[in-house]
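S.K.: The structure follows.
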Amino acid sequence: MNFYKSLITCTLFIAFFSLFLLSCKDDDDDGVPIIPSNTTTELTSNLSNISNNFRPDSLGYSQSKHNKDGDDPCDFCEGESSCLYDCQPVLLRLYIQLARTFLDATIQIVGEMGYHLGMLSDGSSGTHTTPEDMTILYDKTSSTDFSLLIKYNDESVMYIDMNDDEYRVMADFTKMPETEDDGSGVIDIAVTYTNADTWTVETILTDVECEEDDPRAPERFRILMTKDSTLWKGKAILYSGRWAEDDTCSCSTVQSDEKSMCFYTDFVGDSIAAKANVYTMQRDKDDFDFDDFGLNNICVNYWDIAPIFSFTSDENDCNTYLNWSERYPNPFCNHLDTAIINAEWGCDCSDYSSTVANESWGSADDWVYTPYDFYHDLTINLPTNL
Numbered sequence: 059m060n061f062y063k064s065l066i067t068c069t070l071f072i073a074f075f076s077l078f079l080l081s082c083k084d085d086d087d088d089g090v091p092i093i094p095s096n097t098t099t100e101l102t103s104n105l106s107n108i109s110n111n112f113r114p115d116s117l118g119y120s121q122s123k124h125n126k127d128g129d130d131p132c133d134f135c136e137g138e139s140s141c142l143y144d145c146q147p148v149l150l151r152l153y154i155q156l157a158r159t160f161l162d163a164t165i166q167i168v169g170e171m172g173y174h175l176g177m178l179s180d181g182s183s184g185t186h187t188t189p190e191d192m193t194i195l196y197d198k199t200s201s202t203d204f205s206l207l208i209k210y211n212d213e214s215v216m217y218i219d220m221n222d223d224e225y226r227v228m229a230d231f232t233k234m235p236e237t238e239d240d241g242s243g244v245i246d247i248a249v250t251y252t253n254a255d256t257w258t259v260e261t262i263l264t265d266v267e268c269e270e271d272d273p274r275a276p277e278r279f280r281i282l283m284t285k286d287s288t289l290w291k292g293k294a295i296l297y298s299g300r301w302a303e304d305d306t307c308s309c310s311t312v313q314s315d316e317k318s319m320c321f322y323t324d325f326v327g328d329s330i331a332a333k334a335n336v337y338t339m340q341r342d343k344d345d346f347d348f349d350d351f352g353l354n355n356i357c358v359n360y361w362d363i364a365p366i367f368s369f370t371s372d373e374n375d376c377n378t379y380l381n382w383s384e385r386y387p388n389p390f391c392n393h394l395d396t397a398i399i400n401a402e403w404g405c406d407c408s409d410y411s412s413t414v415a416n417e418s419w420g421s422a423d424d425w426v427y428t429p430y431d432f433y434h435d436l437t438i439n440l441p442t443n444l
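Under my numbering, the first residue of the sequence shown is numbered 59, with each subsequent residue one higher.
Structure (structure tokens):
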């Protein structure tokens, strides 16, 4: 379905970061861009350590590889309905790649801004106006402790805060000069760094405007990634307000609780195997009791998928048509095999990694947002001052 393919377009936001950096970039006398100094070497090195080891090898398969049965790969769940399940490992890999892409943009931003701050002494603070009429407020304690707030038309468009082992980048693409006419989305990237094997990265994107070529696409997501020694854990949430609408829907179609979809995915993995749960819920669910909302129960919980898959709104018809209740119980396991996707449903990876099989999923509080909260209450507000 286009719902999944459209996730790839989120990476285009990185281009907006790059456009902004070019507006702040200095050249040498020959017109060659100046390479950032080592002012923020420690910060960029820490962030690069995360990026270089962002996901376990067990989730390192290509998005285009065949599934374990040798069928054609699912095009992000387009075509046959079974791909909604068969492509879940691909989607998990995509979520992780999106988070890493935004992290890599953060590395660019930190390095670039660090160059400009490198010309200032520790303890400096002030305001700078660019030729593009952007105002930059800065406050530098040291090369590992500084903050910047960038404004355009007196509205905050980007906020950067580096504080030794906690890093934050926020941006509002609807207000940036290069993207204010056709950009959308507000992003918040928060990193906590202890060392190369112990870190947390949280990426939140909200307020993505509807596109007529895919009105069922997600308008917000949250991806939490953590690493502790040899284990990776993660949680991803995606929200679409028109997921269960048929192909006649458009951006003018009013969103509703009944036709909405919140995908919740959590995983635990090491270099050998990774296990994952996938839950589907409507946006009015206001608790973390997810046990009965696995994909195998979609025919019980999700009557409004009928228009998508061309069968009547009857639970028995749904199960007969899809046979999902028996085929796809949580969790699925993907073990290390770089050639193919090896997702096995109803498997906790105990045959491949006892470490992964015995590891807990973490507290339900780590989700932070119930489906209700994720839709109704999640907002990203950039600071108005330092």
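Each residue gets a CB set at the ideal place from its N, CA and C atoms; glycine is no exception.
Can you give the Cα-Cα distance for THR250 and THR311, rounded to whole angstroms?
M.R.: So the alpha carbons of these two residues sit roughly 40 Å apart.
S.K.: Going by the CB atoms, is the gap between THR202 and LEU101 shorter than 8 Å?
M.R.: Cβ distance < 8 Å, so LEU101 and THR202 count as in contact.
S.K.: Can you check whether the CB of PRO273 is closer than 8 Å to the CB of SER308?
M.R.: Cβ atoms of SER308 and PRO273: closer than 8 Å.
S.K.: Taking the straight line between their C-alpha atoms, what separation do you get for ASN359 and GLY176?
M.R.: Straight-line Cα distance between these residues: approximately 56 Å.
S.K.: Mapping DSSP to helix, strand and coil, what is MET452?
M.R.: Given a span of 59 to 444 for the chain in the structure shown, any question on residue 452 remains unanswerable.
S.K.: Return the residue from the list GLY352, LYS333 and ILE330 that minimises the CA-CA distance to MET319.
M.R.: When only C-alpha atoms are compared, the closest one is GLY352.
S.K.: I'd like the list of long-range same chain contacts for LEU436, defined as Cβ closer than 7 Å, with 5 residues on each side in sequence excluded.
M.R.: Cβ within range, chain order: THR264, ARG278 and TYR427.
S.K.: Here's a check: name, in chain order, each residue in its chain whose Cβ is nearer than 6 Å to the Cβ of CYS407, leaving out the five neighbours to either side.
M.R.: So the qualifying residues of the chain are ALA331, LYS333, CYS391, VAL414 and ALA415.
S.K.: Using DSSP's beta-bridge definition, name the partner residues of PHE204.
M.R.: Answer is LYS198 and MET220.
S.K.: Quick one: residues in its chain with C-beta nearer than 7 Å to the C-beta of ASP446, no 5 flanking neighbours on either side, listed in chain order?
M.R.: Because residue 446 is not part of the residues shown, which for the chain are 59 to 444, the question remains open.
S.K.: Rounded to a whole number of angstroms, what is the C-alpha to C-alpha distance between ASP230 and VAL215?
M.R.: Each residue's alpha carbon lies about 5 Å from the other.
S.K.: Using only the alpha-carbon positions, how far apart do GLU402 and SER412 sit?
M.R.: Approximately 16 Å, taken between the alpha carbons.
S.K.: Which residue comes first and which comes last in the alpha helix (DSSP H) that contains LEU156?
M.R.: From DSSP, the alpha helix (DSSP H) with LEU156 extends over 146 to 176.
S.K.: Looking only at its own chain, which residues have a Cβ that is under 6 Å from the Cβ of SER329, when we skip the five neighbours before and after it?
M.R.: Once the five neighbours on either side are set aside, the close Cβ partners of SER329 are PRO114 and ASP115.
S.K.: Can you name, in chain order, every residue of its own chain whose Cβ lies under 6 Å from the Cβ of ALA294, other than the five neighbours on each side?
M.R.: Answer for ALA294: TYR153, ILE281 and THR323, listed in chain order.
S.K.: Along the beta strand (DSSP E) that carries ALA294, what are the first and last residues, could you check?
M.R.: Note, ALA294: beta strand (DSSP E), 289 to 298.
S.K.: Just mark GLY404 as buried or exposed, buried being the case when its beta carbon has 16 or more other beta carbons within 10 Å.
M.R.: So GLY404 counts as exposed.
S.K.: Which of helix, strand or coil does DSSP assign to PHE112?
M.R.: It is coil, neither helix nor strand.
S.K.: Would THR338 be called buried (16 or more neighbouring beta carbons within 10 Å of its own) or exposed?
M.R.: THR338 comes out buried.
S.K.: Inspect the beta-carbon positions of THR164 and VAL244 and report whether they are closer than 8 Å.
M.R.: No, they are not a contact pair.
S.K.: Nearest to VAL336 by alpha carbon, out of ASN388, ASP350, LEU178 and LEU117?
M.R.: Ranking the options by Cα distance to VAL336, first place goes to ASN388.
S.K.: Cβ of ALA422 within 8 Å of Cβ of MET283?
M.R.: No, they are not a contact pair.
S.K.: Would you list the one or two residues that DSSP bridges to ASN392?
M.R.: DSSP lists ALA332 as partners of ASN392.
S.K.: By Cβ distance, which residues of its chain are closer than 7 Å to PHE346, with the 5 residues on each side in sequence left out?
M.R.: The answer, listed in chain order, is ALA422, TRP425 and THR428.
S.K.: Please state the DSSP three-state secondary structure of SER139.
M.R.: In this prediction, SER139 scores a pLDDT of 43, lower than 50, which makes its location untrustworthy; no coordinate-derived value is stated.
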